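Colleague: Below is one structure. I have some questions about it.
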Amino acid sequence: MTAHAKLASAHIAQGGRVSLERLPTNTTTSNHAVHRWFNFIAGFSPELVRACAAMTPESPSAPLVLLDPFAGCGTAPLAGRMLGLKAIGYDPHPFFSIISEAKANSHRYWTDLPLIRTAIGNGLNKRGDAEGYLSTSAFAFLNKMFNKADLDALVGARISLQDEGMGEHPLAILVLSRMIDYSCFAATDGIYKAPSSTKRALSATASFSRVLDTVESDALEALSGVNDAKIYAKSSENMCEIESKSVDLVVTSPPYLNNFDFAEMTRMYLYFWGMADTWADISSKVRSKLIVNTTTALRGQKELQTTYRNSLPFGVAEEAAQVVDELTSKRLVKAGKKEYDFLIYPYLSQMQNVLRECARALKIDAPFHMMVSDAALYGVYIPAPEWLGTIMRASGFTDVQVEMVRPRGHRWVLDKREGSERGLGEYYVFGRAA
Ligand SMILES: C[S@@+](CC[C@H](N)C(=O)[O-])C[C@H]1O[C@@H](n2cnc3c(N)ncnc32)[C@H](O)[C@@H]1O
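Okay, so the sequence shown: first residue is 1 according to the UniProt record's numbering, each after it adds one.
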C-alpha cells in the first residue's frame with residue numbers, strides 16, 4: 001500500500017467525507033470552528049492533519065508531539081492541539097505567527113474576549129485619525145482600499161486596544177485583522193490584488209458584529225485541548241528549540257516555487273499594524289526571513305548561487321544545473337527578463353536546511369507528511385517535489401514516496417514537453433526519519 005493510499009484509508013476511517021483532492025486545500029476550513037476565524041488560500045485542511053495524526057502510532061506515556069515547520073495560519077498546530085497533541089509551529093512571518101498563536105492557543109486567550117470586545121467597540125465609536133496615526137506611505141496605500149470613515153473607525157479600534165494594554169494581544173489582533181478584511185473593498189484573498197479589483201465591503205461596525213458572532217459561537221472548540229501549542233516566530237531552517245528525536249510526526253506545506261509571495265500578500269495587514277511601512281520595509285523585515293520562492297525575494301541571493309548549489313546532493317545539483325541553464329537562456333530572450341534562474345538553488349538549499357532539521361527532530365521511524373507543488377517557469381518544467389524527495393533521502397529519511405494528489409491544471413504551456421499530457425500538480429511527499 002502506498003503512503004497516499006494509507007493516508008486515504010486513515011481519512012476515511014476517521015469518518016472523513018471530503019474528497020482526497022481537497023485535503024491539501026483550505027476549502028473545508030469554513031466548516032471548522034476556530035480554523036475559520038482566519039485562514040488563507042495557501043492553507044491545507046484540518047482533515048489532512050487528523051488523517052496524518054491517525055496514522056501515527058500512539059505513545060503509551062505522553063501525548064504525541066506534532067511539528068509544522070511552515071505553520072502559516074496555524075492549521076496543523078490548532079488541529080493538533082484540539083486532538084490533545086503537543087503542537088509546535090514555526091513561521092518567521094510577523095503577521096502569520098500572531099494569527100497562528102491566537103488560534104493554536106485560543107484556550108489561553110479566550111477569557112480576554114469580553115475585554116477585547118469592549119476595547120474595540122469603544123475605539124470604533126471614538127474613531128481615530130488614520131491619516132495622522134499611520135505613516136504617510138501606509139495611509140496612502142490603505143486609503144485606497146477603505147472608506148475614509150471605516151478606516152478612521154478601525155484605526156480608532158487599534159488605538160483603543162493599545163490604550164488598554166492589548167496592542168499585542170494575539171486574539172485582539174486576529175479579531176481586528178478579520179474586521180479589516182471584511183471592511184476593505186479591494187479583493188485581497190490570495191496574491192494581493194491591486195485596489196482596482198473590488199469586492200463587497202462591510203462597514204466597520206458590521207464587520208465587528210460578524211467577526212465576534214463567529215468567534216463567540218466557537219467557544220466550546222476554542223477551549224478544547226489541554227496542551228498549549230508552541231509557536232516560534234522564526235525560520236525553521238534552525239529549530240534549536242526542539243530536542244533531537246523528540247517529535248512524533250511532521251505535517252507541513254512549504255512555500256511553493258513561484259507561487260505566493262507571502263510578504264506581498266499580507267501588505268494590508270503589515271501596514272495597518274505598523275509591522276512595515278514601506279515596500280522596502282516589507283523586503284527587509286518580512287521577505288528576507290522567508291524561504292526564497294519568488295523573484296521578488298532575490299535581493300542578496302544572486303551572490304550566493306554557488307554556495308547554495310554546492311550544498312545540494314550531487315544528483316539534484318546536476319539536474320538543477322541543466323534547468324538553471326535553460327532558464328538563463330530563456331531570460332535573455334524573453335521580454336520580461338524574469339530572473340527565475342536565480343530562484344532554484346536558494347529554494348532547494350533552504351528547503352534542505354528545514355528537511356535536515358525535521359530529520360533531526362523526528363524520532364526514529366516517525367512519519368513526515370508534506371504537500372508541495374511542482375512549477376513551470378518560462379515553460380521549463382521544475383520537478384520540485386521529486387528533487388525534495390531526493391534531498392530527503394540524502395538528509396536521513398527512508399521510505400520516501402512522492403505522489404501527485406491533485407492536478408493544478410494545464411495553465412502553463414510546457415514547450416519542452418509539447419504534446420505531453422502532464423500538467424502541474426500538488427504532491428504528497430512522505431518519508432520516515434532514519
Ligand atoms: C503554504 S504556507 C503554510 C500554510 C499552512 N499549512 C496553513 O494551513 O495555514 C507556507 C508558510 O511558510 C512560511 N514560511 C516561509 N519561509 C519560512 C521559513 N524559513 N520558516 C518557517 N516558515 C516559513 C510562510 O510565511 C507561509 O506562512
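Cβ atoms here follow ideal geometry from the backbone N, Cα and C, with glycine treated the same way. Computed from a predicted model, the values in this text were never measured in an experiment.
Along the alpha helix (DSSP H) that carries Val175, what are the first and last residues, could you check?
Modeller: Taking the first residue of the sequence shown as 1, we reach residue 175 at position 175. Looking at the DSSP string, the run of the alpha helix (DSSP H) that includes Val175 is Pro170 to Ser183.
Colleague: Where Arg360 and Arg210 are concerned, what is the direct C-alpha to C-alpha distance, given to the nearest angstrom?
Modeller: Residue mapping note: residue 360 aligns to position 360 of the sequence shown, counting from 1. Residue mapping note: residue 210 aligns to position 210 of the sequence shown, counting from 1. One C-alpha to the other measures close to 44 Å.
Colleague: Considering only the beta carbon of each residue, do Ala76 and Leu66 sit closer than 8 Å?
Modeller: As a working mapping, residue 76 is identified with position 76 in the sequence shown. As a working mapping, residue 66 is identified with position 66 in the sequence shown. Yes, the Cβ-Cβ distance between Ala76 and Leu66 is below 8 Å.
Colleague: Determine which residues share a DSSP beta bridge with Tyr232 and list them.
Modeller: Stepping through the sequence shown from its first residue, residue 232 is reached at position 232. Tyr90, per the DSSP bridge assignment.
Colleague: Since I believe Val247 is in contact with Lys363 (beta carbons under 8 Å), could you give me their beta-carbon distance rounded to a whole number of angstroms?
Modeller: As a first step, residue 363 is located in the sequence shown; it is residue number 363 there, counting from the start. As a first step, residue 247 is located in the sequence shown; it is residue number 247 there, counting from the start. Contact flag correct, Cβ pair sits at about 7 Å.
Colleague: Examine the Cβ distances between the region 42-49 and the region 19-31 and report whether three or more of them are shorter than 8 Å.
Modeller: Because the criterion of three Cβ pairs below 8 Å is met, the region 42-49 and the region 19-31 touch.
Colleague: Which of the three DSSP states is assigned to Ile291 in this structure?
Modeller: Taking the first residue of the sequence shown as position 1, residue 291 is located at position 291. Ile291 falls in the coil class under three-state DSSP.
Colleague: Could you check where the beta strand (DSSP E) with Leu66 kicks off and where it finishes?
Modeller: As a first step, residue 66 must be located in the sequence shown, where it is residue number 66. Where Leu66 is concerned, the enclosing beta strand (DSSP E) stretches over Val65 to Asp68.
Colleague: Could you pull out every residue in the same chain whose Cβ sits closer than 7 Å to the Cβ of Gln301, ignoring the five residues on either side in sequence?
Modeller: If you number the sequence shown from 1, residue 301 lands on position 301. Closer than 7 Å at the Cβ level, and outside the excluded window around Gln301, lie Val292, Phe342 and Pro346.
Colleague: Quick check: what's the CA-CA separation for Tyr428 versus Leu249?
Modeller: Counting from 1 along the sequence shown, the entry for residue 428 is found at position 428. Counting from 1 along the sequence shown, the entry for residue 249 is found at position 249. One C-alpha to the other measures close to 15 Å.
Colleague: Can you tell me which residues form a DSSP beta bridge with Ser373?
Modeller: Along the sequence shown, one-based indexing puts residue 373 at 373. Glu426, per the DSSP bridge assignment.
Colleague: For Glu164, which residues from the same chain have a beta carbon less than 6 Å from its beta carbon, with the 5 sequence-adjacent residues on both sides left out?
Modeller: The count along the sequence shown starts at 1 and reaches residue 164 at position 164. Once the five neighbours on either side are set aside, the close Cβ partners of Glu164 are Ala119.
Colleague: Could you give the residue range of the alpha helix (DSSP H) that holds Val316?
Modeller: Along the sequence shown, one-based indexing puts residue 316 at 316. From DSSP, the alpha helix (DSSP H) with Val316 extends over Phe314 to Val333.
Colleague: From this set, Phe146, Asp228 and Phe208, which residue's C-alpha is nearest Ala201's C-alpha?
Modeller: Within the sequence shown, the letter at position 201 stands for residue 201. Among Phe146, Asp228 and Phe208, the Cα nearest to that of Ala201 is on Phe146.
Colleague: Does Val215 get closer than 8 Å to chain B when you measure Cβ to Cβ?
Modeller: Among the protein chains of the structure shown there is no chain B, as only one such chain exists.
Colleague: Following the continuous alpha helix (DSSP H) through Val247, name the residue where it begins and the one where it ends.
Modeller: Numbered from its first residue, the sequence shown carries residue 247 at position 247. Segment: none, Val247 is in no alpha helix (DSSP H) and carries neither H nor E.
Colleague: Out of Glu168, Thr198 and Glu318, state which residue places its alpha-carbon closest to the alpha-carbon of Asp181.
Modeller: Translated into the one-based positions of the sequence shown, residue 181 becomes position 181. The option with the nearest alpha carbon to Asp181 is Thr198.
Colleague: Regarding Glu221 and ligand 1, is the C-beta to nearest heavy atom distance less than 7 Å?
Modeller: On the sequence shown, residue 221 is found 221 positions in, with the first residue counted as 1. No.
Colleague: Can you give me the C-alpha to C-alpha distance between Asp281 and Phe272, rounded to a whole angstrom?
Modeller: Position 281 of the sequence shown, counting from 1, holds the residue named residue 281. Position 272 of the sequence shown, counting from 1, holds the residue named residue 272. Asp281 and Phe272: Cα-Cα distance of roughly 14 Å.
Colleague: Run through the DSSP bridge pairs and tell me what Gly121 is partnered with.
Modeller: For this step, residue 121 is matched to residue 121 along the sequence shown. For Gly121, which the question treats as bridged, DSSP gives no partner whatsoever.
Colleague: Pull up the distance between the alpha-carbon of Arg22 and that of Gly132, whole angstroms please.
Modeller: Taking the first residue of the sequence shown as 1, we reach residue 22 at position 22. Taking the first residue of the sequence shown as 1, we reach residue 132 at position 132. If I take the Cα positions, the gap works out to 45 Å.
Colleague: Is Lys416 buried or exposed, if buried means 16 or more other CB atoms sit within 10 Å of its CB?
Modeller: Numbered from 1 along the sequence shown, position 416 holds the residue referred to as residue 416. Confidence at Lys416 is low in this model, with a pLDDT of 45, below 50, so its placement is unreliable and the value that follows should be read with caution. Flag for Lys416 reads exposed.
Colleague: What does the alpha-carbon distance come out to for the pair residue 456 and Ser284?
Modeller: Since the first and last residues shown for the chain are 1 and 434, residue 456 lies out of range.
Colleague: When the Cα atoms are used, what is the spatial distance from Arg17 to Ser97?
Modeller: As a position in the sequence shown, residue 17 is number 17, starting the count at 1. As a position in the sequence shown, residue 97 is number 97, starting the count at 1. Roughly 30 Å between the two C-alpha positions.
Colleague: Taking the DSSP output, what are the residues bridged to Phe397?
Modeller: Stepping through the sequence shown from its first residue, residue 397 is reached at position 397. According to DSSP, Phe397 bridges with Ala433.
Colleague: When DSSP labels each residue in this structure, what does Glu237 get in the three-state scheme?
Modeller: For this step, residue 237 is matched to residue 237 along the sequence shown. Here Glu237 sits in coil by DSSP.
Colleague: Could you tell me if the beta carbon of Asn122 falls within a distance shorter than 7 Å of some heavy atom in ligand 1?
Modeller: By one-based count along the sequence shown, residue 122 stands at place 122. No; taking the cut-off as 7 Å, the Cβ of Asn122 has no heavy atom of ligand 1 nearer than that.
Colleague: Express the C-alpha separation of Ala394 and Ser207 in angstroms, rounding to a whole number.
Modeller: Locating residue 207 in the sequence shown gives position 207, where the first residue counts as 1. Locating residue 394 in the sequence shown gives position 394, where the first residue counts as 1. In a straight line, the C-alpha of Ser207 is about 50 Å away from that of Ala394.
Colleague: Report the three-state DSSP secondary structure of Leu257 (helix, strand or coil).
Modeller: Start at 1 with the first residue of the sequence shown, and residue 257 comes out as number 257. Here Leu257 sits in coil by DSSP.
Colleague: Using only the alpha-carbon positions, how far apart do Ala187 and Thr266 sit?
Modeller: Taking the first residue of the sequence shown as position 1, residue 187 is located at position 187. Taking the first residue of the sequence shown as position 1, residue 266 is located at position 266. Near 12 Å, if we compare the C-alpha coordinates of Thr266 and Ala187.
Colleague: CA-CA distance, Ala153 and Leu176?
Modeller: Here the question's residue 153 lines up with position 153 in the sequence shown. Here the question's residue 176 lines up with position 176 in the sequence shown. Answer to the nearest angstrom: the Cα atoms are 11 Å apart.
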